[in-house]
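J.: Residue 1 is where the sequence shown starts when you use full-length UniProt numbering, and the numbers rise one by one after that. For every residue, glycine included, the Cβ atom is placed at its ideal position computed from N, Cα and C. Fair warning: this is a prediction, and the values are worked out from it, not measured in the lab. Have a look at the structure that comes next, please.
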Amino acid sequence: MADLKVALVGNPNTGKSTLFNLLTGLNQKIGNFPGITVDKKTGYSKLPTGKTAEIIDLPGTYSLYPKSKDESIVFQVLADESNASHPDMIVLVADSTNLRRNLLLFSQVADLGIPMLLVLNMADMAKKEGINIDTNKLAERLGVQVVNISARKGEGLSELKQAIAQTTTIATQTTSISAKDLAPTAVDAVKQKIGTDNDYYALQVLHQHEHLAFFSEKEQEEIEAIEIGNGFDTVKLQGEETVARYKHLSKVLTDVVTDTGAEKKFTLTDKLDSILTHKVWGFIIFIFILFFIFNAIFSWSSMPMDLIEGSFATLTEWGHEYLPAGVLTDLLLDGVVAGLGGIVIFIPQIAILFALISILEDTGYMARVTFMMDKIMRKFGLSGKSVVPMIGGIACAVPSIMSARNIESWKDRIITIMVTPLVSCSARLPVYTLLISLVVPDEKVLGFFSLQGLTLMAMYLISIIAAVLVALVFKFIIKAKERSYFIMELPVYRMPRWKNVLYTMYEKSKTFVIEAGKVIIAISIILWVMSTYGPSSRFEAIDKKYDTIEATSTDTVQLASLERDRSAEKLENSYAGIIGKTIEPVIKPLGYDWKIGIALITSFAAREAFVGTMATIYSVEGVDDENGELRLRDKIAAAKDPETGLPIFTFAAAFSLMLFYAFAMQCMSTVAIVYRETKSWKWPVIQLVYMTVMAYVAALIAYQFLK
């Protein structure tokens, strides 16, 4: 049991979660707050006094007045003493480079009367930007301990732990405004009704009692009656309170904060914004940056990809040469190694994609992209806040769908959840790059841009346009009339934190390999078994046929290819081949054969499985050349249609397949998270159906038009 319960509270992007990780280390767990899907992160930290503190990381919020489901948790936890997460004290984390804005939340929380201390994070960045804060004077005026830290560098952690240990269970902070003056009669009535002597707590109950589950139905009705009887105007009073708080904070911060670099810093930011957020040049620059990113994904990754591909080919060759022949060796090399190799090869491209996105986020440019895209989104009826999950969808739909909780309008939130999986995620990248490398020549456009990179960018743009158009359709179907607003603070431009960029590359690549790898290995083993074995009567007939040819034929050319033909025919008659042949009539109009059909089925577990499936199928088939094993791309490029003798992967078939993967809902994790966020199977089923139909129709039109 912990001796002390500590809640971390703060604005988004103040480094609160980084501090939580520092305080708790590996001694933490993630669950849900009771009855809702909002994540609850808790952990334990040893204090210098020997006591143990339970640390609770509450969702980031700009104010105690919630604008989303996540933000509403903060006051619910702080207001309800019977709540398991209700703290003994609060650590409010503020951004030293933007103290005035962060202290608005501090002043609200302080007025609730819970003991607290103030942590000024990013102290190193504030110093670099010429911001000086007199912490002693600030502590004296606020009536709390103030600690300077740099969470990302781990500086000030011991001082913070000492401060937590020294904070008493009696609130000492000064009151910032007179809450009672805002609505005297109503506040007094509620204080008497709920039995509290805290004016601001009573005022917050008047504002938010509908969201506070610990009040009984009768109490809710009585509080509502007090509101109506006193003409309590929530919107007006929130505005008056905010103005009063900022007036108070202006006095508090007088002679406390000096910013010697402000003029230079904001002048540079304003100059850059006049170009980067310009209604014409801003979009041209953004398109140019996209060109650069997708060009880099192909150009910079080619050498490490060739090394990885060559290593796996050599490993397979050595395995067949030195390991004892048999079922286990074939399973290991043609199943597990082949499937895993099909994923590991794409690590360089995944790393480059996330590194460049991380740089855009760290510099502050991604916030500008969100700001610019907001104007376009509104024309299609989407909330401006939908931009954040949709841009995040380029990395992964799962956390992006979870981030849609910040959208106030329920209908706008549902529409965002329904279209976000259409945005091409990193799981589709291996499929795109493999197919593009097969059918798009490695040539330069205008002497600089890679044609393959431009094609990849086109696939991402197609997915974004499709998501916006489908959102417009849903807007009419669901008939959403509520309007949500979009408020975003544009940060000043900063140099990227290269350590953070490298960590992001490593973490995202590791997650991709581990998460995809678990699925790929499982699928590869199952697929190898299904591709290696089939009905005994069919396999016996095939063996008899080829044994007869081998015994009677004198054609050396025929004899040389006999084993390969036997393997190919066995694959076609294996359990996997039977499934593929069964669905082939449905997918034939899209330009796909039964082998691609098998990959489509396995991809519904995870899109990345396409590459692993193709690697396993072609390894089982035993395609080789005079020098040994061919690489995966060579094997797929050499695949021929037995009826026409033409390549399976023509430009028309490859483009059709890319469109199918762009639109199809082939991710069970996304289906699960949509169910979790909507608490209904209705929406994930609708999503699965409409995206599959959309993928099939788009692929059909593309193939029939291009062939």
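1) According to DSSP, is Ser216 helix, strand or coil?
2) Can you give me the start and stop residues for the beta strand (DSSP E) that Ile407 sits inside?
3) Report the rounded CA-to-CA distance for Arg413 versus Pro324, giving the unit in angstroms.
4) Does DSSP put Glu81 in a helix, in a strand, or in coil?
5) One question on the structure: do Ser509 and Thr616 come within less than 7 Å of each other, judged by their Cβ atoms?
6) According to DSSP, which residues form a beta bridge with Lys544?
7) CA-CA distance, Lys499 and Lys40?
8) How is Phe312 classed by DSSP in three states: helix, strand or coil?
9) Out of curiosity, what's the CA-to-CA distance linking Asp57 and Ile521?
10) Compare the Cα-Cα distances from Ile465 to each of Val419, Ile596, Gly453 and Ile352 and report the closest residue.
11) Rounded to whole angstroms, what is the Cα-Cα separation between Gln220 and Ile686?
12) Using the DSSP secondary-structure output, state which residues sit across from Ser536 in a beta bridge.
13) Taking the alpha carbon of Glu222 as the point to measure from, which residue in Ala213, Ile194 and Asp233 has its own alpha carbon closest?
14) When the distance is taken between beta carbons, is Tyr592 closer than 7 Å to Met530?
15) To the nearest angstrom, how far is the alpha carbon of Leu92 from that of Glu129?
16) Go ahead and pull the three-state DSSP assignment for Ala639.
17) Output needed for Ala702: all residues of its chain with C-beta closer than 6 Å, excluding positions within five of it in sequence on either side, in chain order.
18) In its own chain, which residues sit with a C-beta less than 6 Å from the C-beta of Leu103, not counting the 5 before and 5 after it?
19) If you follow the alpha helix (DSSP H) that Val257 is part of, which residue opens it and which one closes it?
20) Look at the Cβ atom of Gln108, then the Cβ atom of Phe298, and state whether they are nearer than 7 Å.
21) Between which residues of its own chain and residue 758 is the CB-CB distance below 8 Å, once the five residues before and five after are set aside?
22) Quick check on the DSSP output: what are the complete alpha helix (DSSP H) runs of length 4 or more inside the stretch 283 to 348, in order along the chain?
23) Can you tell me the Cα-Cα spacing of Asp3 and Ile462, whole angstroms?
24) What are the complete alpha helix (DSSP H) segments, minimum 4 residues, inside the stretch 94 to 151?
25) Expressed to the nearest angstrom, what Euclidean distance is found between the alpha-carbon atoms of Asn13 and Glu309?
26) Using the C-alpha atoms, what's the distance from Leu438 back to Phe651?
27) For residue 717, is the classification buried or exposed, using 16 other Cβ atoms within 10 angstroms of its Cβ as the cut-off for buried?
28) Does the stretch 146 to 157 come within contact of the stretch 171 to 190, defined as at least 3 CB pairs closer than 8 Å?
29) Start and end of the beta strand (DSSP E) containing Ala695?
30) What whole-angstrom Cβ distance do Gly612 and Ile578 have, given they're in contact under 8 Å?
31) In three-state DSSP terms, what is Phe449?
32) Can you tell me whether DSSP reads Leu89 as helix, strand or coil?
33) Give a yes or no on contact between the stretch 178 to 193 and the stretch 222 to 239, applying the rule of three or more CB pairs nearer than 8 Å.
34) So, helix, strand or coil for Tyr65, using DSSP?
35) Taking a contact to mean a Cβ-Cβ separation below 7 Å, would you say Ile359 touches Val468 in this structure?
36) Mark Met459 as exposed unless 16 or more other C-beta atoms lie within 10 angstroms of its C-beta, in which case mark it buried.
T.: Judging by the given coordinates:
1) Here residue 216 refers to the residue found at position 216 when the sequence shown is read from its first residue. Here Ser216 sits in coil by DSSP.
2) Position 407 of the sequence shown, counted from the start, is the residue given in the question as residue 407. Premise fails: Ile407 is in no beta strand (DSSP E) and is neither H nor E.
3) Translated into the one-based positions of the sequence shown, residue 413 becomes position 413. Translated into the one-based positions of the sequence shown, residue 324 becomes position 324. So the two alpha carbons sit approximately 57 Å from each other.
4) Taking the first residue of the sequence shown as position 1, residue 81 is located at position 81. Coil.
5) Residue mapping note: residue 509 aligns to position 509 of the sequence shown, counting from 1. Residue mapping note: residue 616 aligns to position 616 of the sequence shown, counting from 1. Contact: no.
6) Indexing the sequence shown from 1 puts residue 544 at position 544. In the DSSP output, where bridge partners are listed per residue, Lys544 has none listed.
7) Residue mapping note: residue 499 aligns to position 499 of the sequence shown, counting from 1. Residue mapping note: residue 40 aligns to position 40 of the sequence shown, counting from 1. Spanning the two alpha carbons is a distance of roughly 28 Å.
8) Numbered from its first residue, the sequence shown carries residue 312 at position 312. For Phe312, the three-state secondary structure derived from DSSP is helix.
9) The residue given as residue 57 occupies position 57 in the sequence shown. The residue given as residue 521 occupies position 521 in the sequence shown. One C-alpha to the other measures close to 35 Å.
10) Along the sequence shown, read from residue 1 onward, the residue named residue 465 stands at position 465. The option with the nearest alpha carbon to Ile465 is Val419.
11) Position 220 of the sequence shown, counted from the first residue, corresponds to residue 220. Position 686 of the sequence shown, counted from the first residue, corresponds to residue 686. Cα-Cα distance, rounded: 37 Å.
12) Taking the first residue of the sequence shown as position 1, residue 536 is located at position 536. For Ser536, which the question treats as bridged, DSSP gives no partner whatsoever.
13) Along the sequence shown, read from residue 1 onward, the residue named residue 222 stands at position 222. If we check each option's Cα against that of Glu222, Ile194 comes out closest.
14) Here residue 530 refers to the residue found at position 530 when the sequence shown is read from its first residue. Here residue 592 refers to the residue found at position 592 when the sequence shown is read from its first residue. Pairing Met530 with Tyr592 gives a Cβ-Cβ distance that is not under 7 Å.
15) Start at 1 with the first residue of the sequence shown, and residue 92 comes out as number 92. Start at 1 with the first residue of the sequence shown, and residue 129 comes out as number 129. Rounded to whole angstroms, Leu92 to Glu129 spans 22 Å at the Cα level.
16) Within the sequence shown, residue 639 is the residue found at index 639, counting from 1. DSSP places Ala639 in coil when its eight states are reduced to three.
17) By 1-based counting over the sequence shown, the position of residue 702 is 702. Phe655, Ser656 and Leu659, listed in sequence order.
18) Locating residue 103 in the sequence shown gives position 103, counting from the first residue. Around Leu103: Leu249.
19) As a position in the sequence shown, residue 257 is number 257, starting the count at 1. No alpha helix (DSSP H) contains Val257, which is instead part of the beta strand (DSSP E) from Val257 to Asp259.
20) The residue given as residue 108 occupies position 108 in the sequence shown. The residue given as residue 298 occupies position 298 in the sequence shown. Cβ atoms of Gln108 and Phe298: not closer than 7 Å.
21) Residue 758 is absent from the model: the chain starts at 1 and stops at 707.
22) 302 to 322, 327 to 330 and 338 to 344
23) Counted from its first residue, the sequence shown places residue 3 at position 3. Counted from its first residue, the sequence shown places residue 462 at position 462. Going from the Cα of Asp3 to the Cα of Ile462 covers about 55 Å.
24) Entirely contained in the stretch 94 to 151, the alpha helix (DSSP H) runs reaching 4 residues are, in chain order, 99 to 110, 123 to 128 and 135 to 142.
25) Translated into positions along the sequence shown, residue 13 becomes position 13. Translated into positions along the sequence shown, residue 309 becomes position 309. Rounded to whole angstroms, Asn13 to Glu309 spans 40 Å at the Cα level.
26) One-based indexing of the sequence shown puts residue 651 at position 651. One-based indexing of the sequence shown puts residue 438 at position 438. Distance between the alpha carbons of Phe651 and Leu438: 8 Å.
27) Residue 717 lies beyond the residue range present for the chain, which begins at 1 and ends at 707; the question has no answer from this structure.
28) no
29) Your numbering for residue 695 matches position 695 in the sequence shown. Here Ala695 belongs to no beta strand (DSSP E); instead the alpha helix (DSSP H) covers Lys682 to Leu706.
30) The sequence position of residue 612 within the sequence shown is 612, counting from 1. The sequence position of residue 578 within the sequence shown is 578, counting from 1. Incorrect: roughly 20 Å between the Cβ atoms, too far for contact.
31) Within the sequence shown, residue 449 is the residue found at index 449, counting from 1. Correct three-state label for Phe449: strand.
32) Looking up residue 89 in the sequence shown gives position 89. What sits at residue 89 in the sequence shown is Met, not Leu. Strand, per DSSP.
33) yes
34) Counting from one through the sequence shown, the residue named residue 65 turns up at place 65. If DSSP states are grouped into helix, strand and coil, Tyr65 belongs with coil.
35) The sequence position of residue 359 within the sequence shown is 359, counting from 1. The sequence position of residue 468 within the sequence shown is 468, counting from 1. No, these two residues do not count as a Cβ contact at 7 Å.
36) Your numbering for residue 459 matches position 459 in the sequence shown. So Met459 ends up on the buried side.
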